[in-house]
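Reviewing the structure listed below.
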Amino acid sequence: MKGGFKHILLLVGVLIIAFVANILLAGSSVLKFSELNFNDYIFRNIRLSKALTALLCGISLPIAGQILQVLFRNPLAGPYVLGISSASSLAVGIAIMALNAFGVMGYVFFSKTAIIIAAFAGSLLCTFIILFVAKKVSSNVFLLLIGLMLGQIFGALESFVEYFSTDKGLREFVMWSFGSLGNSTYTDITIFSSIGVILIATLFMLTKPFQVFLMGQNYANALGIDFARYRIYFIVISSLLTALATAFCGPIAFVGLSIPIMTRLIYKTSDQKFQLTACLLLGGITMLVCDTLCYTILPDRVIPINVITTLFGSPFIIYLLFKTRNW
Amino acid sequence: MVVEVTLNIKNLSIGYVSKKQTTVVYKDITAGFTSGMLVGIIGKNGLGKSTLLRTIAGLQEKLQGEILFDDKNLEQLSKQELAKMIAVVLTEKVGGFNLTVNDLVSMGRVPYTNAFNHLQEEDKKIIDECISICGLNDHVLKPVNELSDGLFQKAMIAKGLAQQTSILLLDEPTAYLDFPSKHQLFELLKKVTEEEKKCIVTSSHDIELVLKYASHLLIMSENNEFEFIEVSKYKGSKLFAKVTNDYFN
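Written as C-alpha cells, this is what we have:
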C-alpha cells in the first residue's frame, strides 16, 4: 500500500499513547507520570500487567478474525463463528461448576490453572473437529455452517451445565464470561506473548498464500497455491490465538469480528501485509482505550470490558458502513 | 516471455469420484491445442464443458486418459509449474476486501514472485501492459465488485494474461453480457490469440460469435458424441448441425 509505512508509524504512536494513558488512568486512582516506578507494587502487578494483557488480547483476536474472514471470504466470520469461543466457554463452565461441586474452588491458584487448561482444551477440541470436517469437505460455506451448528450445540450444553450448577459456581462462571483483563500474572503474560508472537510471526511468513486466498479456492489452486494445505495452517493459527485470549481473559466479544472490518473500511487496501499489521495495532489501541473507559466512565465503578467494547465499537462500525460502500 | 506449450489430451474421461461411485460425465475426448488457436467449446449445459476445462486446468482429477503439456503429464507438474503454463477464467465471482482491478491483475504474477509476493519492476510493467491490452486503463483503481459484468470478465482475462501462460481457459465468459460486450470480448480474445501467440480455449453458447472469431470447434453432445474440427469445416459436420439444432428446438 502507498504511504503504508506512515500509517503504521502513526498507529504505533497512538498505541504507545493509549498504553501509557491506560496505565495512568485505568485503576482505582489516577497515577501521575512522574510517580511511575517499576518497584511500585500497584504499577507493576496491577496496572502494567493489565495493560499488557489488554494489548495481547487486542492483538490476537482481530488477527484470528481477519484470518477467518479471508478464509471464508465473508466479513461475518469471527472467532465466535466456528464455535471455538463457545467450546472454550463450555469447557470453562464445566470446570468451574465441577470445582464448586467438589468444593475446591477456594484455592485461587488451582482454580485459575483449571480455567486456563479448560479453555485451551475446549478450543483445541473444537479446532480438531473443524479440521476433521475441513479435510472431508472442500466447500467453505459448508464448513462455516458446521462451525455455526457446533457453536449452537456448545451453547446449549453450556445452558444445560449452568442449569444444574450451584449458585456460587454460576456466579463465578457469569463473572468469567464478562471477560476480564485484570487477572493475569507475569507467568500468564509470558506464556500468552511467546506463543502469540510465534503464531503471528508464522502468519506473516505466509502472507503470500494469505493474499491469494482473497481469490478463493479454485483461483488459488490455479495460481499454484495449495489451498487445502494452507487452509489448515490458517485455521490452526486462528484457533490458537482465540484459545489464548479466551483462556487468559474470558470470552472477549466484538473485537475479533469488528476490528478487521474497521481496518478495511478505514484503509481501503487489499494488501494483507498492511491489513494484518493495521489490524493488530488498531486492535491493541481499541482494547486499551476500552479498558480505560471501563474505569473512567462511572466514578467508583468498573464496567465489564465486554459491555464497553460492544457499546462503543458497534455504532462506530455502523457509521463507517454508511460512510463507505466498497468493502 | 511466454514459453509456448502444446497441450494434448488423449482418450480423456472426465467426471466425479465419490466414496460410493464414480460418475463419468464424458469419455474418450482427444484433441490437441497449440499457440494461435482460439477454440470454442459448444454444447448444451450439463454435458461437461466446465468439467473438461477444470480437469485440464488441474482443478479436478481426471478419471482416465492423458493430459500432456508438451511431453509432460499433468500429474508430473507441480501446482506452480502448471500455473506458469495454464491460466483460467472461471464463472465464479471474485471481489470484496478492497480488491481493485490492479490488485486482481497483480494476482497473475503470483506464480513468479518470491515468498513475500514482492512485485519487481518487471512484474509491474507486465501488469500495466495486460491492463492496457484489455482496455482497463480507466478502471485501474476501481474495486472489482463495482465493475460491470463485461469489465469484470476483461479484468479476469487481464489477470490470466499477467500469468504469462501459453494457454488460457475460459468458462462461458460471455454469459450475462449484453451483445456489444460479447462482441468486444471475442474481439479481445482473438487479438490476444494472434498478437500474444496464445492458445485460448473457451466454452460459449454464442455460436454465431464462436463461428465468427474462433479457429477451431470442440463439439460436445449427448450420447458422448464428440468432434474437434477447424471452424471452416463446420458446414460438413453432422454433429454441429445436430448440436445447433438442439438450440433452436
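Chains as they are written, first to last, in my numbering: chain A, 9 to 335; chain B, 21 to 269.
For every residue, glycine included, the Cβ atom is placed at its ideal position computed from N, Cα and C.
Quick caveat: nothing in here was measured; it's all calculated off a predicted structure.
1) Tell me, please, whether the CB atom of L73 (chain B) is closer than 8 Å to any CB atom in chain A?
2) May I ask you to report which of helix, strand or coil DSSP gives Q84 (chain B)?
3) Return the Cβ separation of T222 (chain B) and G35 (chain B) in integer angstroms, given the expectation that the two are a contact with Cβ distance under 8 Å.
4) Assuming C150 (chain B) is part of the alpha helix (DSSP H), what are its boundary residues?
5) Taking only beta carbons into account, state which residues of the region 262-280 of chain A come closer than 7 Å to chain B, listed in chain order.
6) Rank B:I49, B:L32 and B:T43 by C-alpha distance to the C-alpha of I239 (chain B) and give the top, closest one.
7) Using a C-beta cutoff of 8 Å, does K216 (chain A) count as contacting chain B?
8) Contact defined as beta carbons within less than 8 Å: I believe G4 (chain B) pairs with Q140 (chain B). What is the distance between those atoms, to the nearest angstrom?
9) Between the region 217-231 of chain A and chain B, which residues of the former have CB atoms less than 7 Å from a CB of the latter, in chain order?
10) For D234 (chain A) and chain B, any beta-carbon pair shorter than 8 Å?
11) Output needed in chain order: residues of the region 182-199 of chain B with a Cβ under 7 Å from some Cβ in chain A.
12) Just list the beta strand (DSSP E) runs in the region 157-230 of chain B, keeping only unbroken ones of 3 residues or longer that don't cross its boundaries, in chain order.
13) Return no unless some Cβ of chain B is closer than 8 Å to the Cβ of V310 (chain A).
14) Ends of the beta strand (DSSP E) at N31 (chain B)?
15) Tell whether a beta-carbon distance below 8 Å holds between A230 (chain A) and V108 (chain B).
16) For the beta strand (DSSP E) that contains E247 (chain B), what are its first and last residues?
17) Give me the chain A residues within the contact set of D123 (chain B), using Cβ-Cβ distance strictly less than 7 Å, ordered along the chain.
18) Mapping the DSSP letters down to three states, classify T277 (chain A) as helix, strand or coil.
19) Along the beta strand (DSSP E) that carries L110 (chain B), what are the first and last residues, could you check?
20) Does DSSP put K258 (chain B) in a helix, in a strand, or in coil?
21) Assign H13 (chain B) to one of two classes, buried (16 or more other C-beta atoms within 10 Å of its C-beta) or exposed (fewer than that).
22) Could you pull the start and end residues of the alpha helix (DSSP H) that G204 (chain A) belongs to?
23) What's the gap between the Cα of L355 (chain A) and the Cα of L32 (chain A)?
24) Under a three-way DSSP split, which group does M240 (chain B) fall into?
25) When the cut-off is 8 Å and only beta carbons count, does V78 (chain A) lie next to chain B?
26) From G180 (chain B) to F200 (chain A), what does the alpha carbon distance come to, in whole angstroms?
27) Between which two residues does the beta strand (DSSP E) carrying G258 (chain A) extend?
28) Helix, strand or coil for T43 (chain B)? Go by DSSP, reduced to three states.
29) Please say whether I146 (chain B) and Q184 (chain B) have beta carbons closer to each other than 8 Å?
30) Is the Cβ-Cβ distance between D299 (chain A) and N45 (chain A) less than 8 Å?
31) Output needed for I138 (chain A): all residues of its chain with C-beta closer than 8 Å, excluding positions within five of it in sequence on either side, in chain order.
32) Rounded to whole angstroms, what's the CA-CA distance from A55 (chain A) to I311 (chain A)? Just pull it up for me.
33) What residues of chain B sit near R81 (chain A), judged by a beta carbon separation below 8 Å?
34) Which two residues bound the contiguous beta strand (DSSP E) that contains G60 (chain B)?
35) Buried or exposed for M213 (chain A), going by 16 or more other Cβ atoms inside 10 Å?
36) Which whole-angstrom value describes the C-beta separation of I260 (chain A) and I313 (chain A), a residue pair presumed to lie in contact below a C-beta threshold of 8 Å?
Let's see:
1) For L73 (chain B), the nearest beta carbon of chain A is not closer than 8 Å to its own beta carbon.
2) strand
3) Between G35 (chain B) and T222 (chain B) the Cβ distance is about 22 Å, and since that is not below 8 Å, they are no contact.
4) E141 to I153
5) Shown in chain order are the members of the region 262-280 of chain A whose Cβ falls below 7 Å from a Cβ of chain B: R272, K276, T277 and S278.
6) The candidate whose alpha carbon is nearest that of I239 (chain B) is B:I49.
7) Cβ-Cβ to chain B under 8 Å: yes for K216 (chain A).
8) The requested residue 4 (chain B) is not part of the displayed model; chain B covers only 21 to 269.
9) Q219, V220, L222, M223, G224, N226, Y227, N229, A230 and L231
10) When Cβ-Cβ separations below 8 Å define contact, D234 (chain A) makes contact with chain B.
11) none
12) 187-191 and 219-223
13) no
14) Run containing N31 (chain B): L27 to V37, per the beta strand (DSSP E) assignment.
15) yes
16) Where E247 (chain B) is concerned, the enclosing beta strand (DSSP E) starts and stops at F246 to E250.
17) S278
18) coil
19) Where L110 (chain B) is concerned, there is no enclosing beta strand (DSSP E), given that its DSSP letter is neither H nor E.
20) Correct three-state label for K258 (chain B): helix.
21) For residue 13 (chain B) there is no data in the structure shown, the boundaries of chain B being 21 and 269.
22) Y194 to M213
23) What the structure shows of chain A is the stretch from 9 to 335, and residue 355 (chain A) is not part of that stretch, so it cannot be assessed.
24) strand
25) yes
26) 43 Å
27) Neither: G258 (chain A) is in no beta strand (DSSP E) and is coded neither H nor E.
28) strand
29) yes
30) For D299 (chain A) and N45 (chain A), no; Cβs fall outside 8 Å.
31) L90, G91, I92, L151, I154, G155, L158, I243 and S247
32) Checking the sequence shown, residue 55 (chain A) turns out to be Arg, not Ala. Those two C-alpha atoms are separated by around 16 Å.
33) G116 and F117
34) L58 to I62
35) exposed
36) 7 Å
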